[in-house]
Structure formats: structure tokens, C-alpha cells
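The block underneath contains the structure these notes are about, expressed in C-alpha cells.
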Amino acid sequence: MSLYKFLRLLFLFIPVSFLISTISLAQTDSTYLQTEEVLENILQEPVGEVDNSDLIEDIDLLLKNPINLNRATFEDLQIIPGIDINTAKIIIDHRNKYGNFFSVNELNAVQNLNKKVIEGLSPFLFVEKPAEIIVKDQPLGPFENFMQSSNILLRSRIINSLQTNKGFNENKFEGTKPKVYNRLLIRYNRQFQIGYLAEKDAGEKQLNEFSTYHLAINDLGIIHKAVVLDYLLEFGQGLTLWSPYAFLKGADAVYPVKRTDRILRPYTSSTENNFFRGGAAAIKFDNFIFSAFYSNNYFDANIDSLTGKILSTPEDGLHRTFSEIRKRKTAREKMFGGRIDFISERFLSFGFLHYRSKFSNDFESSSVFDFSGKDFNYTAFYYNLYFDKLNFSGEFSYNGTSVASINIMQLALSSDFTFITSIRSYPRNYFSFHGFGFGERSGTTSNEFGIYAGFRWRTKFGLINFYYDQFKFPFATFFNPQPSNGDEFLVDYLSRPINKFETRIRYKYEKKDVPEMLNNTKQLVKRLRQILRLELIYSISNIIRLKGRFEYNSFKVSAIKSKEKGYLIFQDIRFAPVSNLNLYGRIIFFKTDSFNSAIYEYENNLTGVLTNIPLFGEGMRWYILLRYKIFKYMALSFKYAETYKPKEKKIGSGNTQIPLNLDNVLSIQLDLNI
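7 is the number of the first residue of the sequence shown in our numbering; add one for each residue after it.
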């Protein structure tokens with residue numbers, strides 16, 4: 007018997023043998039670690055082979071900068087993942103009626119607030135102690151006072167592939183193998199923050215191949231927010247301005263649809279493009295917020311050597327080879343603008359924005375960009391209107407040529423049922439350099455019309471999420487020779503049939519036009535993809551949790567008589583013997599007919615890291631992750647992951663191709679929180 011077959015056989019006996027050997031450890035029923043559960047529920051539906059670490063970092067920073075429960079506005083609470091308008095309304099109404107909260111645990115006494123929702127809310131909230139009850143034995147000196155009011159966050163990470171790929175073997179990469187990340191954040195009194203981040207990708211030369219810096223101020227007098235150097239802008243629903251990342255359609259049918267903008271915030275990501283460098287400030291007068299911003303930033307671009315025009319703008323941030331280095335920061339964008347917001351708590355908020363961008367080079371109109379020139383202006387309007395349990399929101403954005411829009415209605419009939427629907431219209435000749443609107447194509451806010459409807463229903467039998475999305479692309483694109491359309495729906499059912507057991511059933515149906523070669527001509531054909539996921543979670547005790555999953559993926563294109571399938575099965579364990587140690591392990595077996603039927607899976611990883619790896623072909627993958635809190639302010643994380651494909655002779659393609667059937671990666675991270 008081969009080692010591979012032996013491991014597959016052994017895998018089937020792991021759950022049974024482990025249950026028998028550990029049943030004596032069973033304790034009282036427990037919930038998951040709160041923060042991990044929040045992340046897993048939101049990120050259940052991968053969006054493809056992309057690095058979504060920015061989303062994890064965003065949530066991680068929100069956890070480290072919780073919202074003051076007694077000062078939170080209606081909009082502030084909706085920033086928290088998974089929170090709808092009815093939950094925010096219940097909390098605000100309780101606070102207005104009974105006064106400030108004395109602790110976050112007091113949420114358990116709020117009438118009509120679901121206990122499961124409270125578990126998801128709590129990690130993102132805090133209650134500040136009143137000044138009069140803070141007792142000090144003696145006055146603190148300047149240094150002691152500074153340290154008591156400060157928070158220093160340091161994160162250092164190294165990710166290293168233990169195999170040598172083609173780029174290194176053929177000396178195409180000019181740098182070293184490890185991917186290195188360092189970030190320092192210093193906060194004072196929740197009002198000031200200084201940050202620095204440096205990162206290099208595998209194959210790059212300098213440890214600070216990419217660096218970002220910022221100084222941020224919050225709620226200082228009339229200054230609502232201010233950032234010097236690197237920052238992000240968010241407006242309305244993201245059609246005009248947004249972060250270079252956002253949640254898309256997934257297992258939560260409600261939360262990703264409506265955005266809650268934070269006006270501006272410091273840039274703390276390692277994504278090397280689509281941020282601003284300069285300065286921005288927002289000043290608050292009563293119900294009005296006035297904002298202004300300026301940026302002068304370089305970005306990567308492919309420039310035609312003859313015309314000097316921009317052909318494309320690579321966004322992967324890789325500078326390993328001579329050709330990649332040649333594109334580094336070859337173009338520049340200068341932009342300035344402002345916005346005015348009116349915010350009336352619990353009834354109406356709206357805002358206007360205008361900004362101008364001027365680029366150092368013209369864009370080539372015959373490239374993948376459907377525009378030309380180098381001077382662009384944007385004007386936008388957003389609104390948020392509340393009627394008890396009904397919320398209307400949306401944005402209209404004008405780029406000087408056409409108007410893009412999205413309009414959303416959210417109805418919260420109770421704390422257990424929320425319905426949402428939206429209509430999006432992004433014309434072919436609308437384009438947005440810094441937008442990330444909700445839609446089918448991962449933030450591409452152009453040439454799309456769609457209608458979305460979904461609901462989240464918490465019943466006594468379990469939690470049901472459902473959405474249906476119908477979309478079309480009215481004009482031909484660089485990839486599609488003709489107008490195209492499609493639709494999809496997803497149903498996700500999460501239940502706890504008996505004590506300590508949790509089950510999940512998910513089915514996704516997607517039918518859309520895709521380009522294929524027929525009779526030596528690129529034509530559109532219908533592609534049908536169906537995904538079925540079954541999951542069982544068993545919390546043996548506060549110490550041990552087991553999770554098993556089976557996923558089936560079918561892929562069919564009738565016009566070319568293509569029919570493929572794939573499956574994935576894994577067993578996962580989380581072991582927390584003591585409060586400062588968490589150990590995770592997972593073994594995965596997969597088999598698909600090709601990359602078309604690849605299955606993506608979200609894994610536990612180092613804090614701040616999230617990648618969706620496509621598993622295709624036939625093989626196995628396993629990993630072990632350890633998180634150990636060495637001291638009160640210091641934590642160490644370690645992960646070893648290995649993918650093995652017994653029937654392959656090499657893994658990957660291009661410069662990242664590994665000349666073996668084994669791919670293993672070692673990752674180490676140190677976190678200081680002082």
C-alpha cells in the first residue's frame with residue numbers, strides 16, 4: 007500500500023479514535039473563540055486565488071481599536087461585521103432609555119437582542135471607565151502617564167517556501183526567498199497614532215521594497231479625523247472612493263451589500279497600490295462634517311516606450327525580475343478634493359463629494375482601459391435614510407461622461423429577520439480609479455447592471471442565509487466578445503441540532519456566459535457551476551473542537567461538451583489546553599478533473615494573513631498552526647503547511663513553478679502589544 011493511500015485510510019479513522027481517546031476530557035459546553043468565529047463566518051466564501059489579507063488586517067485593527075459602546079453612533083455600530091440596522095437600533099434605544107452601559111456584558115440584559123449576535127458584537131466594543139471611579143495612589147510622572155495612555159503594536163512576520171522555484175533556479179529573481187513583513191503602530195490616548203510598515207515579497211531585494219507611513223488624529227476638538235502621509239478615503243457605497251478591498255457576496259447574505267464609510271483612515275496595509283499619499287482632514291461642526299484631501303503618489307505602470315502612454319497598471323506589487331522592476335513607480339497621480347456630510351442620528355445622512363485626478367501620462371485608449379486622457383473629475387452624492395425598521399441607502403457618481411448608481415433597501419422585521427435588496431447600474435463608459443462597488447466582478451465598477459435580493463433569518467431551528475443575484479454586462483469587453491449575463495443563488499443553513507454539535511449545509515448555483523473557442527472563433531457559451539458543502543463541528547469541551555467538511559464542485563459547459571467535477575474532504579482540530587496556547591491542525595484530501603473545478607478553502611493562519619489556495623488535480627494538503635502567548639504582551643505564531651500531489655511532476659507555472667510534486671511553506675510571526 008502506498009503512503010498516500012495509507013494516509014487516506016488513516017484519515018477516516020482519525021475522528022473516531024480521537025473521540026474515544028478524549029471523551030474523558032469533555033467539559034461544559036463552550037462557544038468558539040469569539041473573534042475567530044466572527045472571521046470564519048464572514049470569510050466562508052472565498053472570492054478566488056487572491057490574497058485577502060487586507061480584509062483580515064482590517065478586522066484585526068478594528069478588534070484592537072474597539073468602538074466605545076457609550077459613544078457609538080448608529081453608523082458606528084454598523085461598521086461591525088454582521089450587524090444590521092435593527093441590532094444597532096435596539097442598542098441605541100436601550101442606551102437612550104436607560105443611560106450608559108457599565109460594561110459590554112450588560113448587552114446580555116438588552117431585550118430582543120439575540121445572544122449569538124452579542125457574542126459577535128462583544129469583541130469589537132468596549133466601555134470606558136468614568137474618570138471619577140479611576141483611583142490613583144499618587145500622581146503619575148510624564149513618562150508613566152504617557153506609557154499608561156499609550157499602546158505599542160509591533161508585528162514581524164517571515165513566510166518562506168522550503169522549495170526553490172523556477173525564478174530562483176534560473177536566477178530570474180534578483181532578491182531572496184523569504185517574504186518579510188514588519189509593522190509598528192504607536193497609539194496615544196485613542197486620539198493619536200503613528201504607523202510604519204515595511205514589506206518585501208519573495209524574490210525582492212530590499213526589506214523595505216514597499217514602505218508606508220502615517221500620523222493620524224481622531225476626535226481632537228473640532229478635528230473629527232486627520233491623517234498625514236498615507237491614507238485611504240471611503241465615500242458612500244464605494245462607487246467613487248473606497249479601500250482597494252471589500253467583502254463581496256458570500257455566506258452572509260446581508261452584511262456585504264451595504265457599505266458604511268469611515269470618511270478617511272490611515273493606511274496600514276501592504277497592498278502597494280490604490281492608496282493616497284499626502285494629507286487629509288475632516289472637521290466636525292454639529293451635524294456637519296467638512297473634509298478636504300490632497301495626494302501626490304507614484305504607482306506601477308506599463309508605459310509605451312514610443313507614445314509614453316499608460317498601457318496597464320499592474321496591481322500585484324511584485325518587483326522580482328528586471329521587467330517587473332522596470333514598471334515600478336513609473337507613473338504619478340496628483341489628486342485633490344473635498345466632501346460635505348450631514349449626519350442626523352437615526353434619521354438621515356447624506357453627503358456630496360468632488361475630486362480631481364491628474365496623471366503624469368495619458369492612458370492608452372486601445373488598451374484594456376476603456377478611457378483615455380490624463381485629467382479626470384468625479385462628483386458624487388450618497389444618502390442614508392431611516393424609517394424605523396426600514397433603511398434606504400445609495401450613491402450616484404458622475405465621472406464627467408456618465409452616472410453610476412447603486413440603491414439599497416434593507417428591512418429588519420425583527421432582530422431575527424433581515425431582508426435586503428439592491429439595484430446597481432454601472433455604465434460601460436463609467437470608470438473609477440479608486441472605487442470598489444458591490445457587484446459580480448470584484449470591485450470592477452463598470453459595464454454592469456444587476457439586481458440582488460437576500461435575507462438572513464435566525465430561527466429556532468438554525469440560521470438561514472439566502473441570496474439571488476441576476477447580472478448582465480451590456481457591452482462587449484476585452485475578454486468577452488459580446489454582451490453577457492448570468493445569475494446565481496446561494497443558500498446556507500447553520501444549525502445546532504444537539505448540544506455541542508453544529509452543522510452547516512451550503513449550496514451555490516451559478517450560471518453565466520463565458521468566452522470559449524468554437525470553430526476557431528471566440529464565442530460566449532453558458533457555464534454552469536454548482537457547489538455543495540457539508541460541515542460538522544463538534545465542540546468536545548472548552549479545550550477541543552473538531553470540524554469536518556465535505557465539498558463537491560461540478561463544472562459544465564454544454565456547448566463544448568465539457569463536464570468536470572471535484573471534491574474536497576478535510577478533518578480539522580483546534581486544541582487549547584491552556585489559555586495562552588492554541589494549536590490548530592488540518593488534513594485535506596482533494597481530487598478535481600482540472601483547474602476549472604478547483605476548490606478554494608479558507609484556512610486558519612497567522613494573524614493578519616488570509617489566502618485562498620486553489621486545490622485542484624489530486625493530492626493532499628495538511629498544516630499545523632501554533633499560537634502561543636509567551637508573556638502578557640508578547641505572542642508567537644508558527645505555521646507549517648504542505649501540499650503533495652503524487653501524480654504530478656511539478657507544481658505551479660511560470661517563474662513560480664516548483665520542479666517537484668511537493669510544496670511546503672514555513673511561516674513565523676511575532677506580535678508585541680504593549
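Just so you know, even glycine gets a beta-carbon here, dropped at the ideal spot from N, CA and C.
If you're wondering where the values come from, they're calculated on a predicted model, not measured in any experiment.
Kindly list the residues whose CB is nearer than 7 Å to the CB of residue i, restricted to its own chain and excluding five residues on each side of it in sequence; keep chain order.
i       : result
Gly-314 : Asn-367
Ala-418 : Asp-90, Ile-91, Asn-92, Lys-395 and Thr-424
Trp-463 : Asp-422, Phe-423 and Ile-470
Phe-485 : Pro-521
Do residue j and residue i have their beta-carbon atoms positioned less than 8 Å apart in this structure?
i       : j       : result
Lys-506 : Tyr-558 : no
Leu-75  : Val-116 : no
Phe-398 : Met-415 : yes
Arg-437 : Phe-377 : Strictly speaking, residue 437 in this sequence is Phe, with Arg absent from that position. It is a contact, given that the beta carbons lie within the stated cut-off.
Tyr-473 : Phe-495 : yes
Arg-539 : Arg-512 : yes
Phe-198 : Ile-228 : no
Ile-636 : Ile-158 : no
Pro-489 : Gln-529 : no
Arg-332 : Asn-303 : no
Leu-213 : Leu-190 : no
Thr-527 : Asn-171 : no
Ile-85  : Leu-131 : no
Lys-456 : Arg-430 : Going by the sequence as given, residue 456 is Gly instead of Lys. In contact: Gly-456 and Arg-430 (Cβ atoms closer than 8 Å).
Asn-670 : Glu-648 : yes
Phe-236 : Pro-272 : The question names Phe, but residue 236 in the sequence shown is Asp. Cβ distance < 8 Å, so Asp-236 and Pro-272 count as in contact.
Gly-379 : Asp-258 : no
On the DSSP letters alone, give me the boundaries of the beta strand (DSSP E) that residue i sits inside.
i       : result
Asn-293 : Neither: Asn-293 is in no beta strand (DSSP E) and is coded neither H nor E.
Ser-329 : Segment 328-332 is the alpha helix (DSSP H) holding Ser-329; no beta strand (DSSP E) there.
His-325 : No beta strand (DSSP E) contains His-325, which DSSP labels as neither H nor E.
Thr-93  : Taken as a continuous stretch (DSSP letters only), Thr-93 belongs to no beta strand (DSSP E), being part of the alpha helix (DSSP H) at 91-104.
Lys-635 : 624-637
Gly-201 : 198-206
Thr-598 : 587-598
Val-584 : 568-584
Asn-157 : 156-167
Thr-218 : 216-226
Pro-603 : Strictly speaking, residue 603 in this sequence is Ser, with Pro absent from that position. Counting along the chain, Ser-603 falls outside any beta strand (DSSP E), and DSSP gives it neither H nor E.
Lys-645 : 640-650
Ser-318 : 316-318
Excluding sequence positions up to five away, which residues of its chain have a Cβ less than 6 Å from the Cβ of residue i?
i       : result
Ala-252 : Phe-442
Glu-205 : Tyr-187, Phe-216 and Ser-276
Pro-665 : Lys-656
Gln-243 : Arg-265, Glu-401 and Ile-412
Ser-403 : Leu-245, Thr-246, Ala-386 and Ala-410
Ile-200 : Ile-192 and Leu-221
Asn-681 : Residue numbering for the chain in the displayed model covers 7 to 680; residue 681 lies beyond these limits and cannot be assessed.
Gly-406 : Asn-383
Leu-359 : Phe-241, Arg-345 and Ala-386
Glu-180 : Lys-211
Ser-30  : Its pLDDT being 35, under 50, Ser-30 is placed unreliably by the model, and nothing is read from it.
Arg-510 : Leu-500 and Glu-541
Ile-355 : Position check: residue 355 holds Ser in this sequence, whereas Ile was assumed. Only Ile-349 and Asn-390 meet the Cβ criterion.
Leu-589 : Phe-581 and Leu-632
Met-640 : Leu-678
Phe-576 : Arg-555, Arg-592 and Ile-594
Gln-675 : Arg-163, Leu-612 and Ser-643
Glu-330 : Leu-324
Phe-375 : Note that Phe-375 has pLDDT 46, beneath the 50 cutoff, so the model's placement of it is unreliable and the number below is only indicative. The answer, listed in chain order, is Phe-369.
Gln-33  : For Gln-33, the predicted model reports a pLDDT of 36, less than 50, meaning its position is unreliable and no value from the coordinates is stated.
Can you give the beta carbon distance from residue i to residue j, rounded, assuming they're within the 8 Å contact cut?
i       : j       : result
Asp-267 : Glu-240 : 4 Å
Gly-323 : Ser-301 : That pair is no contact at about 18 Å.
Gly-449 : Ile-62  : Not really, about 17 Å apart at Cβ, beyond 8 Å.
Lys-597 : Tyr-573 : 6 Å
Leu-238 : Leu-270 : 7 Å
Leu-460 : Val-260 : According to the sequence displayed, residue 460 carries Gly and not Leu. With 8 Å as the limit, Gly-460 and Val-260 qualify as a contact, their Cβ atoms being about 6 Å apart.
Leu-672 : Tyr-646 : 5 Å
In the DSSP assignment, find the alpha helix (DSSP H) that holds residue i and state where it starts and stops.
i       : result
Asp-82  : 80-84
Asn-175 : 172-175
Gly-126 : 121-127
Quick one: what's got a C-beta closer than 8 Å to residue i's C-beta in the same chain, skipping five residues either side?
i       : result
Ser-36  : Summary for Ser-36: the model assigns pLDDT 36, below 50, so the residue's position carries little reliability; its value from the coordinates is reported in the next sentence. Excluding positions up to five away in sequence, the list reads Ser-545, Ser-547 and Asn-548.
Lys-571 : Tyr-558, Asn-559, Ser-560, Phe-561, Thr-598, Asp-599 and Ser-603
Practice item. List in chain order: all unbroken alpha helix (DSSP H) runs of 4+ residues lying wholly within the stretch 497-553. Key: Restricting attention to alpha helix (DSSP H) runs no shorter than 4 residues, the stretch 497-553 encloses none.
Review point. Where in the stretch 387-423 do unbroken runs of the beta strand (DSSP E), each at least 3 residues long, occur, reported from the N-terminal end onward?
Key: You should have 396-404 and 409-418.
Exercise for review: Entirely within the stretch 334-382 and at least 3 residues each: give me those beta strand (DSSP E) ranges in chain order.
Suggested key: Qualifying beta strand (DSSP E) stretches, in chain order: 337-350 and 354-369.
Practice item. Pick out the complete beta strand (DSSP E) segments inside the stretch 445-504, 3 residues or longer, and give them in chain order. Key: If we require 3 residues or more, the beta strand (DSSP E) runs fully inside the stretch 445-504 come out as 454-465, 468-479 and 490-501.
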